[in-house]
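Below you'll find the structure, written out as structure tokens, and then a few comments.
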Amino acid sequence: MATETAHAPQTNFNVSNEKMGMWAFLGSELLFFGAFITVYLVYVPRTADGPGPEVFDIPFTSVSTFILLMSSLAMVLALAGMQDGDLRRFRTWTLATALMGLVFLGGQLYEFTLFVQQDGLGLTTSAFSTSFYVLTSFHKVHVAVGVLMLGTLWFMSFTGRIRADGQGTNAVENVGLYWHFVDIIWIIIFTVVYLIPVDLVT
Amino acid sequence: MTDTHDAQQEQDQQGQHQYPPSTGEYWQIAAILAVLTAVEIGLYYAGQAGMAASVTIPGLIILTILKFVLVVLWFMHLRFDRPVLNRLFIIGLIFAGVLYGIVALITLT
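Residue numbers (the numbering used here), protein chains in the order written: chain L, 1 to 202; chain E, 1001 to 1109.
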């Protein structure tokens, strides 16, 4: 950590360029997802006589949501392990975070398969289905990118680029910020898309 | 990280919360998040069972905001970090809100 302090380029705000860049990126991502959530809310009543939000499986999605929420806990515990110089704890919790991300992704893909095969809710079935798939798929892409970054961090801890002396802590923190962001976006999607009744949204 | 530590030193002098939070605090936040999620799901089913939407919808929105704020402040450490990072994030939130407001206005009219 001290090594990185000495070499990390600082902005005028006494914040590293990487961290400032990550927060600016996350701020822009809020607008990105805000646009897709807005589009979903506009198109949710337009089901073109096809399936609507009644096909959502709330118990199944609730479990997925819980897993993603707990992956955020695993992420901060990985960062805490890094800050304590405990590389073993860092590896364990990083792996746990990535695995929970994969379980979430698997669950979501399974749900998509059911929507398409059982309910006939395809990507182009209606404006509702398109806006739903685009919003949730972009979120899944973000989760997948997060899992890749976590896997990279995990491997880096074996190659010496992330070390117990604090080398690589900034990278872990920035990946953690990204992961938590993916989580807060799902917190919003879960309520807006799954829990709030459509007739009230419209 | 190190930026957070610098900010924390200032906060320590002002008697504010300590950075980094203990792992016990992280588990507590996670437990609160789990409970809030369970309440959300309970509200959903209460709505299905006939509870007034004037209760369930604001309840769901408040719980979502609470969960959002908890993750951002504690897990993303924004509570302990430089104010400029807060501003960057809030600007994004405001823009997203304005976008929604404009589209909602156009759709309603």
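For glycine and all other residues, C-beta sits at the position ideal for the given N, C-alpha and C.
What are the start and end residues of the alpha helix (DSSP H) that includes residue i?
i	result
Tyr1026/E	1023 to 1048
Ser131/L	127 to 159
His180/L	169 to 189
Val1071/E	Note, Val1071/E: premise wrong, no alpha helix (DSSP H); not H, not E.
Leu1085/E	1083 to 1108
Asn62/L	For the record, residue 62/L in the displayed sequence is Ser; it is not Asn. Note, Ser62/L: alpha helix (DSSP H), 58 to 83.
Thr92/L	87 to 117
Phe25/L	17 to 43
Answer with yes or no whether the minimum CB distance from residue i to chain E is below 8 Å.
i	result
His180/L	yes
Phe138/L	no
Ala115/L	A quick correction: the sequence has Phe, not Ala, at residue 115/L. So, not an interface residue.
Ser71/L	no
Thr92/L	no
Pro51/L	no
Phe62/L	A small correction: the amino acid at residue 62/L is Ser; Phe does not occupy that position in the sequence shown. Cβ-Cβ to chain E under 8 Å: yes for Ser62/L.
Ile196/L	yes
Asn14/L	yes
Ile188/L	yes
Ala24/L	yes
Gly107/L	no
Taking residue i and residue j to be in contact with their CB atoms under 8 Å, please state how far apart those CB atoms are, rounded to whole angstroms.
i	j	result
Tyr194/L	Met22/L	So it is not a contact: roughly 28 Å between Cβ atoms.
Tyr40/L	Leu135/L	5 Å
Leu1099/E	Thr130/L	In fact, because the Cβ distance is near 19 Å, the residues do not count as touching under 8 Å.
Gly85/L	Trp93/L	Between Trp93/L and Gly85/L the Cβ distance is about 14 Å, and since that is not below 8 Å, they are no contact.
Phe13/L	Val1084/E	4 Å
Met77/L	Tyr1026/E	The question names Met, but residue 77/L is Leu in the sequence shown. Their Cβ separation, rounded to whole angstroms, is 6 Å, which keeps Leu77/L and Tyr1026/E in contact under 8 Å.
Leu31/L	Phe1095/E	5 Å
Kindly say whether residue i, judged by its beta-carbon, lies nearer than 8 Å to any beta-carbon of chain L.
i	result
Ile1062/E	no
Arg1079/E	no
Ala1046/E	no
Leu1099/E	yes
Leu1105/E	no
Leu1033/E	yes
Phe1095/E	yes
Pro1058/E	no
Ala1052/E	no
Thr1037/E	yes
Ala1049/E	no
Leu978/E	Within the shown structure, residues of chain E are numbered from 1001 to 1109, placing residue 978/E beyond reach of any answer.
Leu1085/E	yes
Thr1109/E	no
Examine the ligand HEM and report whether any of its heavy atoms sits within less than 7 Å of the Cβ of residue i.
i	result
Ala127/L	Within the structure as shown, the ligand HEM is missing, as the structure has no ligands at all.
Between which residues of its own chain and residue i is the CB-CB distance below 7 Å, once the five residues before and five after are set aside?
i	result
Val143/L	Gly101, Phe104, Leu105, Val182
Lys140/L	Leu105, Gln108
Phe115/L	Val55, Leu121
Gly168/L	Met156, Arg161, Ile162
Thr1056/E	Leu1043, Ala1046, Gly1047
Gly146/L	Gly101, Tyr178, Trp179, Val182
Among the residues of its own chain, which have a CB less than 6 Å from the CB of residue i, if the five just before and after it don't count?
i	result
Thr1107/E	none
Ala127/L	Tyr43, Arg46
Leu69/L	none
Glu111/L	none
Ile188/L	none
Take residue i and list the residues in its own chain whose beta-carbon comes closer than 8 Å to its own, dropping the five residues that flank it on each side.
i	result
Ser71/L	Ala96, Thr97, Met100, Gly101, Phe104, Trp179, Asp183
Ala1053/E	Gly1047
Here's the rule I'm using: 16 or more other beta-carbon atoms within 10 Å means buried, otherwise exposed. How should residue i be labelled?
i	result
Ile196/L	buried
Asp165/L	exposed
Ser1022/E	exposed
Pro59/L	exposed
Gln1048/E	exposed
Asn174/L	buried
Phe190/L	buried
Ala2/L	The predicted position of Ala2/L is uncertain, since its pLDDT is 37 and thus under 50; a value taken from the coordinates is nonetheless stated next. Exposed.
Gly120/L	exposed
Arg161/L	exposed
Val1069/E	exposed
Asp49/L	exposed
Tyr1019/E	buried
Leu150/L	buried
Arg1082/E	buried
Gly176/L	buried
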